[in-house]
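What follows is a short report on a single structure.
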Amino acid sequence: MESQPSAKALHNRINADISQLLQRFENIMATATVDNPSYTSTAVETYQLDVESTALIRAAEDILALTRTMKETWLFGKLDTLGEDEHDVERREKLENDVQAVQKAIEEGVLAKLSPAQ
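Residues 967 to 1084 in my numbering are what the sequence shown spells out, letter by letter.
In structure tokens, the structure reads:
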């Protein structure tokens, strides 16, 4: 299994994919606005539009693949995009202490004494 990408690597990939998508769209618009009536130039423009539209579709697919990678990383990986502040650390420690207290109470049978007999 490959390693999870870092937040910086994902951010760089987002920027590259967006740039690629915009560049392909600009190329299509520039080609579409050329007005030349010759058959040769029309054939070249048609081919260029075909190439650019294929590249535009590929750029959109890359963005979709990126969103899937980001979802997988957030769900299954340990991508730390926001970091943990002091409040989060204290909250996590308090939850761990509460869990240990409940576990200890269960082991000692305290909860069985508190619940009504069945």
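Ideal Cβ positions, reconstructed from N, Cα and C, are used throughout, including at glycine.
- Relative to Gln1014, the option among Val1065, Ala996 and Glu1052 whose CA is nearest is Ala996.
- Taking C-beta atoms under 8 Å as the contact rule, Leu976 and Met1036 qualify, at a distance of about 6 Å.
- Sorting Leu1032, Val1065, Ala1071 and His1053 by C-alpha distance to the C-alpha of Ala973 places Leu1032 at the top.
- For Arg1024, the closest of Ala982, Gln1069, Ala998 and Ser969 by C-alpha to C-alpha distance is Ala982.
- Your pair Arg990 and Glu1027 does not check out as a contact, with CB atoms roughly 12 Å apart and the cut at 8 Å.
- In terms of Cα proximity to Leu1030, the closest of Val1055, Arg979 and Glu1011 is Arg979.
- When secondary structure is reduced to three states using DSSP, Asn993 falls in the helix class.
- Val1010 carries a helical assignment under DSSP once its states are collapsed to helix, strand and coil.
- Between Ala1021 and Gln986, the gap from beta carbon to beta carbon is short of 9 Å.
- Here the alpha carbon of Glu1059 sits roughly 11 Å from the alpha carbon of Gln1066.
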